[in-house]
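Residue numbers (the working numbering): 42 to 145.
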């Protein structure tokens, strides 16, 4: 074993995964609807979804850190790695949709 007696994941990892997946999906849907409705407002929809996603994620971190004591570094590594993964996926999907929109 590479790291014996080391906890790499928080106990509620799948709860955190589900929360970030859900909030990313909702943000993506809002941006997609905003871009299809009016391409001129697309940038505002993207910025708004990023702000809403950030606020909900900060609230999640605050609530989780109040409820769970300890494992602070493990939680932060798990949370921000998932946050970056889902943000990269969202940006990839948005750029793909914008590229198809520019070709029209």
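Just so it is clear, CB atoms sit at the ideal spot from N, CA and C, and this is done for glycine as well.
Which residues bound the alpha helix (DSSP H) around residue i?
i	result
residue 102	83-108
residue 61	54-78
Judging by CA-CA distance, which residue of the options is the nearest neighbour of residue i?
i	options	result
residue 62	138, 133, 123	123
residue 120	52, 74, 73	52
residue 66	139, 140, 126	126
residue 139	74, 48, 50	74
residue 48	118, 137, 108, 128	118
residue 68	94, 106, 132	94
residue 131	50, 70, 45, 60	70
residue 60	50, 82, 135, 102	102
residue 64	45, 84, 92	92
Determine, using beta carbons only, whether residue i comes closer than 9 Å to chain D.
i	result
residue 105	Here chain D cannot be found, since the structure has a single protein chain.
When you compare the region 73-80 with the region 48-63, are there three or more beta-carbon pairs, one atom per stretch, that lie closer than 8 Å?
no
If we count Cβ pairs, one from each stretch, closer than 8 Å, do we get three or more for the region 112-119 versus the region 87-95?
no
Within the region 111-144, ranges of the alpha helix (DSSP H) (whole runs, at least 4 residues)
113-144
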